[in-house]
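*Asks:* Here this note's numbering is used: the first residue of the sequence shown is 16, the next is one more, and so on.
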Amino acid sequence: MIIHRFLTIFGRYLILMGRTFSRPERFRMFMKKYVTEMQQLGVDSIGIVLLISFFIGAVICIQMKLNIQSPWMPRWVSGYTTREIMLLEFSSSIMCLILAGKVGSNIASELGTMRVTQQIDALEIMGVNSAEYLILPKISAMLTMMPFLVIFSSAMGIVGAYATAYIGHVLPPDDLTLGLTHSFVPWFLWMSILKSMVFAFIIASVASFCGYTVEGGSVEVGKASTNAVVSSSVLILFSDVFLTQLLS
Numbered sequence: 016m017i018i019h020r021f022l023t024i025f026g027r028y029l030i031l032m033g034r035t036f037s038r039p040e041r042f043r044m045f046m047k048k049y050v051t052e053m054q055q056l057g058v059d060s061i062g063i064v065l066l067i068s069f070f071i072g073a074v075i076c077i078q079m080k081l082n083i084q085s086p087w088m089p090r091w092v093s094g095y096t097t098r099e100i101m102l103l104e105f106s107s108s109i110m111c112l113i114l115a116g117k118v119g120s121n122i123a124s125e126l127g128t129m130r131v132t133q134q135i136d137a138l139e140i141m142g143v144n145s146a147e148y149l150i151l152p153k154i155s156a157m158l159t160m161m162p163f164l165v166i167f168s169s170a171m172g173i174v175g176a177y178a179t180a181y182i183g184h185v186l187p188p189d190d191l192t193l194g195l196t197h198s199f200v201p202w203f204l205w206m207s208i209l210k211s212m213v214f215a216f217i218i219a220s221v222a223s224f225c226g227y228t229v230e231g232g233s234v235e236v237g238k239a240s241t242n243a244v245v246s247s248s249v250l251i252l253f254s255d256v257f258l259t260q261l262l263s
């Protein structure tokens, strides 16, 4: 019973994605919505990304200094572990989990409201491919903006670490700089960006599916928003395991 329901939902998801990734009927209209979605989904998320990354970078640096630093280890180990944690996991995986709550619920509630108010039905009656018109700009915008959010997150995490060094005097800034630059592997940054783009597609497509397929009224819109956040978060965690193993 559970497997049958899962396969049914997965089949509906694939059918919707097949309708979504079709050639835009009006490229100019697509570009207009694409720019708007980049503003709403990406640019409007920069503030929360920078704020959270700053404090997470500071907290990681403090924790590494207090719990890992010892006379038997180099003094730069705190900066080194802070950089690795920010690049390998936080800026891609954990940040995308946070964005799944903000962006995913926004997408699901928007499309769900359009469904229950019959705006999507009106588009279909006018002969418009509503899936491509509404969903494709959101997915494209998320795929475009997510690498920038990852880079901003990593940079702000490092700024947070330096804040603990200069303001909190947790460790000398020179030791932090030495750790941040020690044995840097550029591939880790690219791996973080690639993972985040997969997560961005999961967030946008799953949230769009949950909102687009709503049946009922305003209560179902709220449930769809919750389902979008939960489903995308679980899928991000599952895919993170396989992507980390594949890309490492």
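We put the CB at the ideal spot given by N, CA and C, even for glycine.
List the endpoints of the continuous alpha helix (DSSP H) containing Asp190.
*Replies:* Element bounds for Asp190: 188-196.
*Asks:* Please identify the residue among Glu125, Leu81, Val92 whose C-alpha is closest to the C-alpha of Gly237.
*Replies:* It is Glu125 whose Cα lies nearest to the Cα of Gly237.
*Asks:* Is the CB of Leu252 under 9 Å away from at least one CB in chain B?
*Replies:* Among the protein chains of the structure shown there is no chain B, as only one such chain exists.
*Asks:* Could you give the C-beta distance for Ser247 and Gly172, rounded to a whole number, given that I count them as a contact under 8 Å?
*Replies:* Actually they do not touch by this definition, with Cβ atoms about 23 Å apart.
*Asks:* CB-CB under 6 Å to Gly231, same chain, minus the five flanking residues each way: which ones, in chain order?
*Replies:* Cβ neighbours of Gly231 beyond the five flanking positions: none.
*Asks:* So Leu102 and Phe203 are supposed to be a Cβ contact under 8 Å. How far apart are they, rounded?
*Replies:* Yes, they are in contact, since the Cβ atoms of Leu102 and Phe203 sit about 5 Å apart, within 8 Å.
*Asks:* So, using beta-carbon positions, are Ile100 and Phe167 closer together than 9 Å?
*Replies:* Against a cut-off of 9 Å, the Cβ pair of Phe167 and Ile100 comes out as no contact.
*Asks:* Using DSSP with H/G/I as helix, E/B as strand and the rest coil, what is His19?
*Replies:* His19: helix per DSSP, three-state reduction.
*Asks:* Do you know offhand how far Leu258's Cα is from Lys48's?
*Replies:* Using only the alpha carbons, I get a separation of about 31 Å.
*Asks:* Measure the CB-CB distance between Gly116 and Thr97 and report whether it falls below 9 Å.
*Replies:* No, the Cβ-Cβ distance between Gly116 and Thr97 is not below 9 Å.
*Asks:* Buried or exposed: which applies to Pro152, given that a residue is buried once 16 or more other Cβ atoms fall within 10 Å of its Cβ?
*Replies:* That one is buried.
*Asks:* So the alpha helix (DSSP H) Asn144 belongs to, where does it begin and stop?
*Replies:* Where Asn144 is concerned, there is no enclosing alpha helix (DSSP H), given that its DSSP letter is neither H nor E.
*Asks:* For Gly231, which three-state DSSP category applies?
*Replies:* Residue state, collapsed to three classes: coil.
*Asks:* Could you compute how far the alpha carbon of Ile182 sits from the alpha carbon of Gly94?
*Replies:* Rounded to whole angstroms, Ile182 to Gly94 spans 16 Å at the Cα level.
*Asks:* Is Ile150 helix, strand or coil by DSSP?
*Replies:* Reduced to three states, the DSSP call for Ile150 is coil.
*Asks:* Could you tell me the alpha carbon to alpha carbon distance between Ile154 and Gly26, rounded to whole angstroms?
*Replies:* Taking the straight line joining both Cα atoms gives about 19 Å.
*Asks:* If you reduce the DSSP assignment to three classes, tell me which class Glu125 lands in.
*Replies:* Glu125 falls in the helix class under three-state DSSP.
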